[in-house]
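Below is one structure, written out as structure tokens, with a few remarks after it.
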Amino acid sequence: MTLKSYIWGIRLVALVSFIAGVLVVLYTDPEKAGTTGLVLFYMIVFFFLSSFFNLLLLWVRKKTLGSEAVALNINLSFRQGMLLSIFAVGLLVLQSLRLLVWWDGLLLLAGVFVIELYFLSKN
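Take the sequence shown: its position 16, counting from 1, is numbered 17 in our numbering, and each next residue is one higher.
Next up, the structure:
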């Protein structure tokens with residue numbers, strides 16, 4: 002798979018998940034949907050944010066390191082995009098449960114940071 006086809010695939014995932022998110026927000030009543038509606042919403046937000054962060058990180062790497070380095074760092078951008086979206090969705094879940102305070106956000110950030118350090122140390 003070429004870099005261009007990978008980027009277009011990620012753009013397609015971002016677009017589809019954005020449209021699905023808008024449809025869920027417009028047509029789903031949170032009071033009646035229950036747990037299923039919330040899980041669906043958080044999954045859609047996760048897919049959108051992971052594809053958005055992935056594209057953003059690829060763009061930043063292309064501007065700073067050049068096109069050749071982007072092709073070599075696709076896995077790194079994908080992993081970091083997923084971890085950033087896990088952090089963002091974790092914050093949303095904590096907020097929806099009314100458990101989010103600043104130290105819980107920092108603990109979640111530290112957990113994501115430790116996971117990233119684990120993967121960096123394996124290489």
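All C-beta atoms, glycine included, are put in the ideal place defined by N, C-alpha and C.
Since this is a predicted model, take the numbers as computed values, not measurements.
To the nearest angstrom, how far is the alpha carbon of I20 from that of F114? So the two alpha carbons sit approximately 30 Å from each other.
With D105 as the anchor, note down where its alpha helix (DSSP H) starts and where it stops. Looking at the DSSP string, the run of the alpha helix (DSSP H) that includes D105 is W103 to K123.
Buried/exposed call for A111, threshold 16 Cβ in 10 Å: Its Cβ having fewer than 16 others within 10 Å, A111 is exposed.
If you draw a straight line from the C-alpha of I8 to the C-alpha of D30, how long is it? Here the alpha carbon of I8 sits roughly 34 Å from the alpha carbon of D30.
So the candidates are Q81, L50 and A89; which of them puts its Cα closest to the Cα of L108? Measuring C-alpha to C-alpha distances from L108 to each of Q81, L50 and A89 identifies A89 as the nearest.
Specify, as a first and last residue, the run of the alpha helix (DSSP H) that T36 falls within. P31 to L66 is the extent of the alpha helix (DSSP H) around T36.
Below 8 Å between beta carbons: does that hold for G22 and V46? Contact: yes.
Mind the definition here: the segment 78 to 96 touches the segment 50 to 69 only if three or more C-beta pairs lie below 8 Å; say whether that holds. Yes: the two stretches touch, three or more of their Cβ pairs being nearer than 8 Å.
Can you find the residues in the same chain that come closer than 7 Å, C-beta to C-beta, to S18, ignoring five residues on each side of it along the sequence? The beta carbon of S18 is closer than 7 Å to those of I45, F48, F49 and S52 in its chain, skipping five residues each way along the sequence.
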